[in-house]
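Structure first, commentary second.
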Amino acid sequence: MSVEDALKLAREMLQAGRLDAAEKIAQDVAEARANNADAVHLLGVIAYRRNKLERAIKLVERAIELAPGAASFHANLAEMYRLRGRPELGLAAGERAVSLDPSNVQAWNNLGIIQFDRGDFARSEICYRKAIAGQEDFAHAWNNLGNVLVRLDREEEAHEAFARAISLLPSYSEAMVNDGLSFREEGRLDLAEERLRQAIQANPNNANARVSLAMLRMLQGDIRYGLPEYEWRLALPEIHRANLPGQPWRGEQIEGKRVFVYAEQGLGDVLHYLRFLRPLSMRRPASIVLQVQPGLQRLAELNFPFVNVVRNAPAAETIDVHCALMSLPLLLGFPVATAEAPAAYISAPADQVAEFREKFAAYPELKVGLVWAGNASHKYDHNRSMSAEYLLPLLKLPGCRFFSLQIGSKAADAQLLKEGVIDLSKDVSNMMATAGAIAALDLVIAVDTSLAHLAGALGTPVWTLLSYVPDWRWGLAEETTRLYRSMRLFRQPHRRDWPAVIAAVSDALAEKAAAHSRV
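Residue numbering for the sequence shown follows the working numbering, starting at 483 and increasing by one per position.
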C-alpha cells in the first residue's frame, strides 16, 4: 500500500471514529517516513480527538515545521491554541492559515471563532461570511454567524442564520439551542422553549439543550421540572469532573458515610448553595469534605466548622460518596430546595468588620457600596454588567456616602464616577475583607455578581440590579426573593434599559437616605 493510500485509509478510520486503527496506520507511516508532514499532522488530529491537547499541539507544530505552507495545519493549530487558552497564538495561526489559502472555509470559520472569543464581533462576522461565501451549505458557519449577530444586537438576522443552519442540517441540535437562547435573551420565552424542546427531540443527549430548558422553566417558577433536568449540567465539558472519589450520591441514606461535596461553577453559585450544607449535616454523615475555590476557603472554614474545607479532591479511600454542591437541593428534597433562606447564614470575620466600621465612622451619611460589573468571562456578562457611568445620577443624592466594592478589570472605572465614590478596591482584595466591608455598610447596590450573593448571605441590605431576562434564580417579576431576605430586586423593563433601573433605584435610595438622616 502506498503512503497516500495508507493515509487515506487512516482518515477514513478517523471519520468513522476508529481512533485506534487510524492512529496505528498514521504511526506506521510516521515511523517509516520520519518527515511525512501529513502523517504527523494526522497524529495530532487524533490526539486532539482523544482530548490530549498538549500532545496534539506539539504534533501539529512539528507538522508545520515539515510543511510550513499547509494552510489546514495552521487552521487546526489555531483551534487547538484557542482551546488551550492561548488566544494570541491562535489568532496568529488562524491569520496565517487564511493568508496561505483564502479559499479554506474551515480556516475562516476557525478564525471567526477566535475573533468571537476575543470580543471582536465585527471581524468575527467577516470571517464567517468569508466561510459561507466559499461554501454556502456550511451549516456550522451559519450557526456561528447567528451567534455573532446576536452579540451585534441583530436578532432577526441571527434567527435567519440559525434557521439556515438547521435547514442545511435538520438534526443540528446545537443550532436549535443557540436560536432558543437568542429568543430567551429577547424575552420571547415561548419561542425559546419551542426551540429548546426541538433541540432535545433532535438529540436527547444534548446536555446544553436540557440544561438550557431546565433553567428556562425554573426562571418561570417550574422548580419541579427544572431541578432534576438541571443535573444534565454535570455532563457539560466545562463542568464535568472525572475520577471523583467515592460513589455518586443519589439521595439515599448517608448516616455514617464520608461525603465529598465539590464546587462546580462561579463564586456566586457557591455562596448561594453553601446554605445547604447545614441540612446536609442533619443527615448525620460521618464527615463532610468541601472543595471550593481558594478565594472562598477561609470564609467557608469560618462559617461551617463542621465541614473540612479543602482545595483539592481527597484520596478515594477517604470518601464514600460525592456530589456537586449545586445538586444538594435536589438530593435533599423539595421541602429543603424551596424553603426560604435564613436571614443570614454567613458571618464576616469580626476583626474585618471592626476595621471597616472604624474606617467608615467618619461618615455619618447612609453608607452605600457599589458594584457595576461581574467577571467579563461570564457567558452573559454583556447583559448583567453595566458601565459605571450609569450610576452617576445616584451620586447627586444627598445623605449618601458611596464606596466602590468593584474589583478586577473594571475597578479602575471608579474614576469615571469622579469624586463621588471612595474606592475600596485595594482594601477588598479577598473575600474575607470584602465580607467585612459589606457587613459594615448600610446598603449594597450591585449587578448580579458574587458580591450580591455575599451581601445577601451576610444579611446586609442589598439591591440587585437585573437584566431584562435575568439568571433563572431571580424569576421574572418579583421585587423580593426567598433566596435572600435582605435583598430587593430592580429589573430592566426593556432590554439594555439600565437608565430605567437607576431611576427606580434613585427614588428608593432617596427615601432610604431621608429615613437614615432622621435616625
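Built from N, CA and C at the ideal position, the CB exists for glycine as well.
Three-state class that DSSP yields for residue i in the structure shown
i      : result
Val789 : coil
Ser809 : helix
Pro730 : strand
Val764 : The sequence as given places Met at residue 764; Val does not occur at that position. Note: Met764 maps to coil in three-state DSSP.
His804 : strand
Ala928 : strand
Phe665 : helix
Tyr712 : helix
Arg820 : This sequence places Thr at residue 820; Arg is not what is there. DSSP places Thr820 in coil when its eight states are reduced to three.
Tyr744 : strand
Thr942 : coil
Enclosing beta strand (DSSP E) for residue i [first to last residue]
i      : result
Lys849 : 848-853
Val951 : Unbroken run through Val951: none, as it is neither H nor E.
Asp905 : 903-905
Ser769 : 769-773
Arg692 : Segment 689-701 is the alpha helix (DSSP H) holding Arg692; no beta strand (DSSP E) there.
Arg883 : 882-886
Close-in-space but distant-in-sequence residues of the same chain around residue i (CB under 7 Å, 5 per side omitted)
i      : result
Ala553 : Ala579, Leu582, Asp583, Asn586, Ala589
Trp954 : Met697, Met700, Leu701
Arg666 : Ala674, Leu698, Val951
Ala992 : Leu879
Ala915 : Gln834, Asp909
Glu961 : Arg970, Leu971
Val511 : Val485, Ala488, Leu489, Asn518, Ala521
Ile682 : Asn688, Ala691, Arg692, Leu695
Ala858 : Ser891
Leu948 : Asp930, Trp956, Leu971, Phe972, Arg973, Gln974
N- and C-terminal bounds of the alpha helix (DSSP H) containing residue i
i      : result
Ile736 : Neither: Ile736 is in no alpha helix (DSSP H) and is coded neither H nor E.
Met969 : Unbroken run through Met969 is the beta strand (DSSP E), 966-973; no alpha helix (DSSP H).
Ser999 : 980-1000
Ser911 : Counting along the chain, Ser911 falls outside any alpha helix (DSSP H), and DSSP gives it neither H nor E.
Leu593 : 587-599
Ile528 : 519-531
Leu718 : Unbroken run through Leu718: none, as it is neither H nor E.
Ile507 : 501-514
Met562 : 553-565
Pro569 : 569-582
Gly750 : 749-755
Tyr827 : It is not in any alpha helix (DSSP H) - Tyr827 carries neither H nor E in the DSSP assignment.
Phe838 : 832-842
Met868 : Element bounds for Met868: n/a, residue is neither H nor E.
Gln683 : 671-684
Leu651 : Run containing Leu651: none; DSSP gives neither H nor E here.
Tyr610 : 603-616
Gln497 : 485-497
Pair within 8 Å by beta-carbon distance, residue i and residue j
i       : j      : result
Arg1018 : Val693 : Residue numbering for the chain in the displayed model covers 483 to 1001; residue 1018 lies beyond these limits and cannot be assessed.
Ile770  : Gln747 : no
Ala549  : Leu559 : no
Arg765  : Ile801 : no
His613  : Ala623 : Per the sequence shown, residue 613 should be read as Ala rather than His. Yes; because the gap between Cβ atoms is below 8 Å, this pair is in contact.
Ile595  : Asn626 : yes
Thr946  : Met969 : yes
Leu489  : Ile528 : no
Ala691  : Ala717 : no
Leu762  : Leu810 : yes
Glu639  : Ser664 : no
Arg732  : Ala768 : no
Gly628  : Asn660 : yes
Val903  : Gly856 : no
Pro817  : Pro727 : no
Val791  : Gln779 : yes
Phe742  : Leu759 : no
Beta-carbon contacts of residue i that lie in its chain and below 6 Å, excluding the five residues immediately before and after
i      : result
Leu812 : Leu709
Gln680 : Met658
Ile546 : Phe555
Arg566 : Leu535
Beta-carbon contacts of residue i that lie in its chain and below 8 Å, excluding the five residues immediately before and after
i      : result
Pro730 : Val803, His804, Cys805
Ala996 : Gly881
Ala919 : Gln834, Phe838, Gly851, Phe885, Leu887, Leu906, Asp909, Val910
Leu631 : Glu607, Glu637, Glu639, Ala640, Ala643
**Request:** Specify whether the segment 821-832 and the segment 931-939 touch according to this definition: at least 3 beta carbon pairs, one from each stretch, less than 8 Å apart.
**Result:** yes
Below 8 Å, can you find three or more Cβ-Cβ pairs linking the segment 883-892 to the segment 977-987? Using a Cβ-Cβ distance cut-off of 8 Å, the segment 883-892 and the segment 977-987 are not in contact, since fewer than three pairs of beta carbons, one from each stretch, lie closer than that value.
**Asked** Can you find at least 3 beta carbon pairs, one from the segment 637-646 and one from the segment 595-608, that sit closer than 8 Å?
**Response** The segment 637-646 is not in contact with the segment 595-608.
- Item | Cβ pair count under 8 Å reaching 3, the segment 864-872 against the segment 836-849 | no
**OP:** Assess, as a yes-or-no matter, whether the segment 774-793 is touched by the segment 749-764 under the definition of 3 or more beta carbon pairs within less than 8 Å.
**Re:** yes
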